[in-house]
Ligand SMILES: Nc1ncnc2c1ncn2[C@@H]1O[C@H](COP(=O)(O)OP(=O)(O)OP(=O)(O)O)[C@@H](O)[C@H]1O
Ligand SMILES: [Mg+2]
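Residue numbers (my numbering): 1262 to 1642.
Have a look at this one:
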């Protein structure tokens, strides 16, 4: 079978990447000129892919800037994060692992790092600290990139993915203050902080009473435009010697509401189901497959919410307005109007729904289709 030109489930930055020219330009100019930048969007719209692309570009064009990229999903505590941070900063300082060891020795005064190098230093290099000391002297780690940069005549760009994960650590407030205080003074280090839990991210960066308020430029990533998707899909099919009409190429992002992950997933299944020329039924079959593949996740999502929240989702799926009116409370068994407000906030915090220009909507277009089919009996297409 021919290889599908569509990719989902991992970041795309070299292949299957489209659009985002403006966002790349803004990120590039911010981050190479020392402006810290926060990037926020709902899940799977393309933050990680965009930053990956940016890092590749900085690596290619800016020899003096050393890039560090850390995904905070893998850090379970402040101590782990600090070790990860130290390791990646040290690794980025030089291409030679022998130098990592000397950097590790030279740049610490209070802390004594344990450095280990395995047979393949690139994958097997670790930095450990005494966990009793690490919190006491955390500033020494947080300030490490600046000190290395000064001494070696470099600059650092540090990208931290799923940044909001730090907020779940014990005593985060204290840590948050230290990070902000240290990082703000750094002249040679720029940060790109991004994440998909929008409410948590907004609370960290847009709340005037929090330390990270006005830490830098906050960029709310938007969806890729419909026209861009159409061109991308048509060109990708053509490059693979298949044909899709403009109308059908438009149907794919239309069905998936321009959601990056799902557009790629639906295009991929359509590719698989079609021979030389895409027909409408291929897209419909692809959609059924997409929903079937994802439905275990949706099922789990539903199991994790309360009956009142589920009922509220039904009302929202039915496009009801005035959700706190007596009629609605009664029709959907929503409890009191205070319950509705509370449940709406819970669903918003979970990023299941959002407020779009004053209307409450589902955030995940395929989940919405599945939900309407499963609970309201509406057809999938
Ligand atoms: N610029 C792009 N062009 C084409 N497809 C894209 C683009 N960006 C993202 N995608 C698609 O969306 C999927 C999710 O992208 P990515 O992992 O970068 O998003 P994210 O916002 O970091 O997601 P998460 O919130 O899960 O971390 C990719 O696997 C790919 O299919
Ligand atoms: Mg991501």
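Ideal placement from N, C-alpha and C gives every residue a C-beta, glycine not left out.
| Item | Value |
| --- | --- |
| Residues whose Cβ lies closer than 5 Å to any heavy atom of ligand 1, in chain order | 1269, 1272, 1273, 1278, 1279, 1281, 1304, 1305, 1306, 1307, 1308, 1309, 1310, 1457, 1521, 1522 and 1525 |
| Where residue 1621 falls, given that 16 or more other Cβ within 10 Å makes a residue buried | buried |
| Close Cβ partners of residue 1639 (< 7 Å) along its chain, the five nearest in sequence each way excluded | 1633 |
| N-terminal and C-terminal residue of the beta strand (DSSP E) that residue 1324 is part of | Run containing residue 1324: none; DSSP gives neither H nor E here. |
| With 16 other Cβ atoms within 10 Å as the buried cut-off, status of residue 1617 | exposed |
| Three-way DSSP call (helix, strand, coil) for residue 1635 in this model | helix |
| Cβ-heavy atom distance, residue 1591 to ligand 2, below 7 Å | no |
| Beta-carbon gap between residue 1302 and residue 1481 smaller than 8 Å | yes |
| Where the alpha helix (DSSP H) through residue 1517 begins and ends | Counting along the chain, residue 1517 falls outside any alpha helix (DSSP H), and DSSP gives it neither H nor E. |
| Residue of 1430, 1447, 1313 and 1358 minimising C-alpha distance to residue 1401 | 1447 |
| Residue 1263 CB to nearest heavy atom of ligand 2 below 7 Å | no |
| Cβ contact check for the stretch 1501-1511 and the stretch 1457-1468: 3 or more pairs under 8 Å | no |
| Supposed close pair residue 1631, residue 1523 - CB separation, criterion 8 Å | No, residue 1631 and residue 1523 are not in contact; Cβ-Cβ is about 12 Å, not under 8 Å. |
| Of the listed residues 1338, 1325, 1413 and 1594, nearest to residue 1367 (C-alpha basis) | 1413 |
| Residue 1612 beta carbon near ligand 2 (any heavy atom closer than 7 Å) | no |
| Three-pair Cβ contact test at 8 Å for the stretch 1378-1391 versus the stretch 1404-1420 | no |
| Coarse secondary structure for residue 1563, derived from DSSP in three states | helix |
| Contact check, residue 1610 vs residue 1460, beta carbons under 8 Å | yes |
| Where the beta strand (DSSP E) containing residue 1387 begins and where it ends | 1386-1389 |
| Residue 1276, buried or exposed, once every other Cβ within 10 Å from all chains shown has been counted against 16 | exposed |
| Any non-hydrogen atom of ligand 2 closer than 7 Å to residue 1422 Cβ | yes |
| Candidates 1529, 1264, 1487 and 1573, of which the one nearest residue 1598 by Cα | 1573 |
| Cβ pair residue 1535, residue 1306 closer than 8 Å | no |
| Neighbourhood of residue 1377 by C-beta distance below 6 Å, restricted to the same chain and skipping five residues each side | 1387 |
| Three-state secondary structure (DSSP) of residue 1615 | strand |
| Nearest neighbour of residue 1643, chosen from 1399, 1426 and 1578 [CA to CA] | As displayed, the chain neither begins before 1262 nor continues past 1642, which places residue 1643 out of reach and without an answer. |
| Pairwise C-alpha distance: residue 1273 and residue 1580 | 34 Å |
| Residue 1479, DSSP secondary structure in three states | strand |
| Start and end residues, beta strand (DSSP E) containing residue 1450 | 1450-1456 |
| Environment of residue 1342 [buried if 16+ CB atoms lie within 10 Å] | buried |
| Those residues which DSSP pairs with residue 1417 across a bridge | 1327 and 1450 |
| Delimiting residues of the beta strand (DSSP E) encompassing residue 1375 | 1375-1378 |
| Chain-order list of residues whose beta-carbon lies under 8 Å from that of residue 1612 (same chain, five-residue window excluded) | 1303, 1304, 1457, 1458, 1459, 1460 and 1624 |
| Where residue 1395 sits in the DSSP three-state scheme | helix |
| Sequence-distant residues of the same chain with beta carbon closer than 7 Å to residue 1512, five excluded per side | 1544 |
| Chain C within 8 Å of residue 1451, Cβ atoms only | In summary, chain C is missing from the structure at hand, where a single protein chain is found. |
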